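Engineer: Chains as they are written, first to last, in our numbering: chain B, 11 to 312; chain L, -16 to 276. Take this structure, written in structure tokens, and hold onto it; I'll ask about it next.
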């Protein structure tokens, strides 16, 4: 026992030292939330950390709901959310002394995917609402085979789940929608299900372009039964507002961001950052949101 | 002399503390679940909770907190798992204990115990990638994310538990029972069915119930492989949402202190009580049928 004493002390000393978070003056930034945005956030963070070695950014997914909950509970610096915060969430945040402020990181479109062998090539918003609320439950009503429609969606912690329901379905989801863990799971499930239909963020599809027509295909969507149908895979359709299912991607902070947090957010909105946004399959911030972003970031100046 | 007695006593007290700590942790967890779970019933009606079929806390309209569909789902997958695992498990245990040669036993037993070491995510992954599509092909379904998928995977996960405990129970049957049976002219099969298995009954029941407890509490596997649809399942070919999956999915996104938050604790408390009940029943049965050889 006596011989091993110095080693034991060294070991405990090492434990204590390694538990100390401040090695050098590195600032830690926590980003949590949307799975739609997580890969983009990772790319932005990694490039930014190369330029600024004094910052350490940790990113987790978990869904927009999880990110917002973390912001309300004071457990994250930035909450990534693919939907706007609900009124109840804002009230709860204020009750806990958190004052959420949003910047828009980019624009996302939601793609509707079906199995490769499905005879449909386009679908209207109205039909989507009927399918996902359970009113329309057989492909034969849409010109397909006499098979029950197999519905795939996300889970309730996902911003995509909430956004799709509130803007397209505008009613409760049918109770037989299969709730998958993430975008990748929906795509994989559709590839194996000839009667399946699902909604996914376009970003994932763009990143895996070579997989389209290797099991699934993207439907063109028309806003009304009479309007022309547009594919989300053509960037121009999103940028000029023709594709009907688009949404802003938010980053929420507690109040006006300061210091390195503000610098990181500025980076995301810079030309360099927006190029990364596009490379990840999303679309750059449109003019409508520029003013809001400027206000949020400029006024944080010390 | 005094020091030795002191050391003796303090070590005994240390061991008591260790045991006491385990009991405290159990009571603490149960207490936390109950205290937080009860708060949910300030807003939710008890009858709505237990008999409502719609679990929809983040609803478009009014949120509902009915767990009946989830309760049925949990029991459906568990029932399916037991229907598969019991004959396979007891059969394998019997083979290992009575029929296999010592060499075969030495090889097979560690392999079976290794089955228990497979992480549940891996089993879930196998379910999505292999078992699910297989089920879809065999039964002509459009996809394999069904209760049947979950049952098969859970059976695989509870098999090692059942086999190990049942095998020990069968081995523990006194030799004079078996020798007496042979002496009376019975063959191996009759001895097995009429003497050995009834004698090992308590242990086998305990094994089954332990396996069932494992199946009920399994989260990751069912989360990945059963489709998580909230509708009340009509059969084994429907997607299901178990209570464990619901807690796993929703606890991460719920702000502290909301009704949704407390309702998840209520679901957890219910799961805890069910598992506890199952284990108590197992103990009771095992004690009652135990042969005092």
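Yeah, the Cβ is synthetic: ideal placement off N, Cα and C, and Gly gets one too. This structure is a prediction, so every number in the text was calculated from the model and none was measured.
The beta strand (DSSP E) spanning residue 190 of chain B covers which residue range?
Structural biologist: 188 to 190
Engineer: Hey, is residue 162 of chain L's beta-carbon within less than 7 Å of any beta-carbon in chain B?
Structural biologist: no
Engineer: Provide the residue(s) that pair with residue 112 of chain B in DSSP beta bridges, ordered along the chain.
Structural biologist: B:262
Engineer: Compute the distance between the beta-carbons of residue 229 of chain L and residue 202 of chain L, then report whether it is under 7 Å.
Structural biologist: no
Engineer: Between the beta-carbon of residue 183 of chain L and the beta-carbon of residue 161 of chain L, is there less than 7 Å?
Structural biologist: no
Engineer: Straight-line CA distance for residue -7 of chain L to residue 76 of chain B?
Structural biologist: 48 Å
Engineer: Just grab the DSSP bridge partners of residue 148 of chain B for me.
Structural biologist: In the DSSP output, where bridge partners are listed per residue, residue 148 of chain B has B:158.
Engineer: From residue 276 of chain L to residue 164 of chain L, what does the alpha carbon distance come to, in whole angstroms?
Structural biologist: Note that residue 276 of chain L scores 46 on pLDDT, short of 50, meaning its location in the model is unreliable and no value can be drawn from it.
Engineer: At the level of alpha carbons, what is the spacing between residue 53 of chain L and residue 216 of chain L?
Structural biologist: 9 Å
Engineer: Establish whether the CB of residue 245 of chain L and some CB of chain B are separated by less than 7 Å.
Structural biologist: no
Engineer: Nearest chain B C-beta to residue 203 of chain L closer than 7 Å, yes or no?
Structural biologist: no
Engineer: Using 8 Å for Cβ pairs, my map puts residue 184 of chain B next to residue 237 of chain B. What's the rounded Cβ distance?
Structural biologist: That pair is no contact at about 25 Å.
Engineer: Would you say the segment 204 to 221 of chain B touches the segment 118 to 132 of chain B, given that touching needs at least three Cβ pairs under 8 Å?
Structural biologist: yes
Engineer: Please list, in chain order, the chain L residues whose beta carbon lies closer than 9 Å to that of residue 36 of chain B.
Structural biologist: The premise fails here: residue 36 of chain B is roughly 27 Å from chain L at the closest Cβ pair, so nothing lies under 9 Å.
Engineer: Apply the 10 Å Cβ neighbour rule to residue 94 of chain L and answer buried if 16 or more other Cβ atoms are within range, or exposed otherwise.
Structural biologist: By the neighbour-count criterion, in which a residue is buried when 16 or more other Cβ atoms sit within 10 angstroms of its Cβ, residue 94 of chain L is exposed.
Engineer: Let's see if you can read the secondary structure: which residues bound the alpha helix (DSSP H) around residue 41 of chain B?
Structural biologist: Here residue 41 of chain B belongs to no alpha helix (DSSP H); instead the beta strand (DSSP E) covers 37 to 43.
Engineer: For residue 224 of chain B, which of B:293, B:128, B:286 has the nearest alpha-carbon?
Structural biologist: B:128
Engineer: Can you tell which of B:281, B:295, B:229, B:117 has the C-alpha that lies nearest to the C-alpha of residue 130 of chain B?
Structural biologist: B:229
Engineer: At least one CB of chain L closer than 7 Å to the CB of residue 102 of chain B: is that the case?
Structural biologist: yes
Engineer: When the cut-off is 7 Å and only beta carbons count, does residue 82 of chain B lie next to chain L?
Structural biologist: yes
Engineer: Around the C-beta of residue 141 of chain L, are 16 or more other C-beta atoms found within 10 angstroms, so that it is buried, or is it exposed?
Structural biologist: buried
Engineer: If you reduce the DSSP assignment to three classes, tell me which class residue 213 of chain L lands in.
Structural biologist: coil
Engineer: Hey, which unbroken runs of the beta strand (DSSP E) at 3 residues or more fall wholly within the segment 178 to 256 of chain B?
Structural biologist: 188 to 190, 206 to 211, 226 to 232
Engineer: Going by other Cβ atoms of all chains shown within 10 Å of its Cβ, with 16 needed for buried, is residue 161 of chain B buried or exposed?
Structural biologist: buried
Engineer: Check whether the segment 164 to 179 of chain L touches the segment 208 to 223 of chain L, counting contact only when three or more Cβ pairs, one atom from each stretch, lie closer than 8 Å.
Structural biologist: no
Engineer: If you draw a straight line from the C-alpha of residue 70 of chain L to the C-alpha of residue 259 of chain L, how long is it?
Structural biologist: 25 Å
Engineer: Residue 164 of chain B: buried (16+ other C-beta within 10 angstroms of its C-beta) or exposed?
Structural biologist: With 16 or more neighbouring CB atoms inside 10 Å of its own CB, residue 164 of chain B falls in the buried class.
Engineer: Would a check of beta-carbon distances place residue 107 of chain B closer than 7 Å to chain L?
Structural biologist: no
Engineer: Listed from N- to C-terminal order along the chain, which residues in the segment 223 to 246 of chain L have their beta-carbon within a distance smaller than 7 Å of any beta-carbon of chain B?
Structural biologist: 232, 233, 235, 236, 237, 238, 239
Engineer: Figure out for me which residue from B:276, B:91, B:52, B:141 has the closest Cα to the Cα of residue 170 of chain B.
Structural biologist: B:91
Engineer: Mind listing, in chain order, the continuous beta strand (DSSP E) runs of no fewer than 3 residues lying wholly within the segment 86 to 153 of chain L?
Structural biologist: none
Engineer: Can you give me the Cβ contacts of residue 310 of chain B inside the same chain, cut-off strictly under 7 Å, excluding the 5 residues immediately before and after it?
Structural biologist: Residue confidence for residue 310 of chain B is low, a pLDDT of 44 falling below 50, so the modelled location carries little weight; the figure read from the coordinates is stated next. Listed in chain order, the non-local C-beta contacts of residue 310 of chain B below 7 Å within the same chain comprise 266, 267, 268, 272, local neighbours out to five positions each way being set aside.
Engineer: So residue 116 of chain L contacts chain B; which residues on that side make the cut at Cβ distance below 8 Å?
Structural biologist: Going along chain B in sequence order, the residues near residue 116 of chain L (Cβ under 8 Å) are 202.
Engineer: Does the beta carbon of residue 85 of chain B come closer than 7 Å to any beta carbon on chain D?
Structural biologist: The question asks about chain D, but that chain is absent: this structure's protein chains are B and L.
Engineer: Which whole-angstrom value describes the C-beta separation of residue 208 of chain L and residue 110 of chain L, a residue pair presumed to lie in contact below a C-beta threshold of 8 Å?
Structural biologist: 3 Å
Engineer: Considering only the beta carbon of each residue, do residue 263 of chain B and residue 111 of chain B sit closer than 7 Å?
Structural biologist: yes
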